[in-house]
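Q: Residues 100 to 266 (my numbering) make up the sequence shown, in order.
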Amino acid sequence: IRRRFDELRAKLDSVSYWKKLREILPILERGDTVGAVAIDREGNLAAAASTGGVWLKLPGRVGDSPIYGAGFYATSNCAVCATGLGETIVKAMACLSVARAVDAGSSVEKACRDVVEAHSRRFGSGTIGLLAMDREGRAVAVHNTEYMPFAWRSEEKVVVSMKGLKV
100 IRRRFDELRA KLDSVSYWKK LREILPILER GDTVGAVAID REGNLAAAAS TGGVWLKLPG
160 RVGDSPIYGA GFYATSNCAV CATGLGETIV KAMACLSVAR AVDAGSSVEK ACRDVVEAHS
220 RRFGSGTIGL LAMDREGRAV AVHNTEYMPF AWRSEEKVVV SMKGLKV
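(1) Considering only residues of the same chain and omitting the five flanking positions on each side of Y246, which have a CB-CB separation below 7 angstroms?
(2) Could you tell me which of H242, N243, V259 sits nearest to F249, measuring between CA atoms?
(3) Any beta-carbon of chain B closer than 8 angstroms to the one on V266?
(4) Using beta-carbon positions only, say whether V136 and A178 come within less than 8 angstroms of one another.
(5) Less than 8 angstroms between the C-beta atoms of A210 and Y172, yes or no?
(6) Measure the C-alpha to C-alpha separation of E235 and E208 and round it to an integer number of angstroms.
(7) Under the three-state reduction of DSSP, which class applies to V214: helix, strand or coil?
(8) Can you list, in chain order, the residues of its chain with a C-beta nearer than 6 angstroms to that of G228? Leave out the 5 residues immediately preceding and following it.
(9) Ends of the beta strand (DSSP E) at D233?
Following this line, the structure appears as structure tokens:
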């Protein structure tokens, strides 16, 4: 793995490589994180996250999605998942921070807003998006990116949006 990584890094010095990279970069930069929060009829909450990772990553890099507390987290009071710049989300343990605030009495919306605002101050904009749900089934999407597509469904309706609460 390390040999292949070094080969790819060596190509960065090639002019033709940069020309080709400029052509395909818009495709490579598309995000592909999928996160979900859910509540069942008994009020049990769950959260999950999955990602294809980042392009040309260091060997052994683990993003936020598989780390409980960073990319996803659930308690009896809320479920939350994250998308964005994985390294910053891991450092902040963003989903755990939301859950702790909700467990301490904050609304899920306020907890998400507070975490995203703190994240923005520490790491800058364009670094995080959160999808969360409380034990009453209220869902919220909060992000510091230009867009964060999300959808939610209840027994009555389906909602699809390109933006949540931008902080």
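Ideal placement from N, C-alpha and C gives every residue a C-beta, glycine not left out. Everything numeric in this text was worked out from a predicted model, so none of it was measured.
A: Considering the structure as presented:
(1) M261, K262
(2) V259
(3) Checking the listed chains, one finds no chain B in this structure; it contains a single protein chain.
(4) yes
(5) no
(6) 13 angstroms
(7) helix
(8) T182, G183, H242, T244, M247
(9) 227-233
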